[in-house]
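Residue numbers (this note's numbering): 556 to 797.
Written out as structure tokens, the structure reads:
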């Protein structure tokens, strides 16, 4: 039972980009930076660590320097541009950028996660996205593949879950590290804005249909019942039957 629970927690943490916020590192847990079972890499701080998925505790931090200087220059430029965007658009958002190097190409993966928890207002939300593109020595353009996912949970006088996903495919010009990262952030921002606009339109439609059906209907008088008067009203004793 414990092993199964630990396995499910590990799957959840990687799937939903659980953040690790420590003085030693600031990174999202994903399948892309998993070195081995329970061990992950923070590419930005260049440290590896062990993570207990059930307790959500990080430990055993060790230096893990990157060997590919050229690939690291691309990764770092992309991270710096993405971090500035996330800081200005995502409340409490975190981003991580990883690179996978092969003999003929470099694969860059950017992950973003922003969470808001408002239990006192009866709602929680998650916005996460993952973006991938490939670079070769002769690249002048590349194809960006992205997936945006939003989850919302509203639980006042009911229990409503909303999950929306969107796949994105766009072309990205490849020039210098700095310029390409700037163009990538513009592409991402445009995709985010389009997705949010569509989400708000859908929410408005649902508000007039599905969500309306969840609302409590008024009685035939079309006015709410004053329960306070009912509770405090005197009960008149009926006369005893002779």
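Note that CB positions come from ideal geometry on N, CA and C, so glycine has one too.
Of the residues 653, 661, 641, the one whose Cα lies closest to the Cα of residue 682 is 641. As a beta-bridge residue in DSSP terms, residue 686 pairs with 665, 701. Rounded to whole angstroms, residue 603 and residue 571 show a C-alpha spacing of 20 Å.
Here residue 750 carries a helix assignment [DSSP, helix/strand/coil].
Between the C-alpha atoms of residue 635 and residue 672 there is a straight-line separation of about 27 Å. Sorting 694, 749, 716 by C-alpha distance to the C-alpha of residue 680 places 716 at the top. Residue 705 is positioned such that its CB atom lies no closer than 8 Å to that of residue 743.
Of 719, 643, 633, the smallest CA-CA separation from residue 687 is found for 633.
For residue 611, there is no enclosing alpha helix (DSSP H), as DSSP marks it with neither H nor E. Between residue 651 and residue 588 a beta carbon distance of about 7 Å is seen, short of the 8 Å cut, so the two are scored as contacting. In the three-state DSSP reduction, residue 619 falls in the coil class, being neither helix nor strand. The C-alpha of residue 763 is placed about 17 Å away from the C-alpha of residue 709. Within the same chain, and ignoring the five residues on either side of residue 670 in sequence, the residues whose Cβ sits closer than 6 Å to its Cβ are 681.
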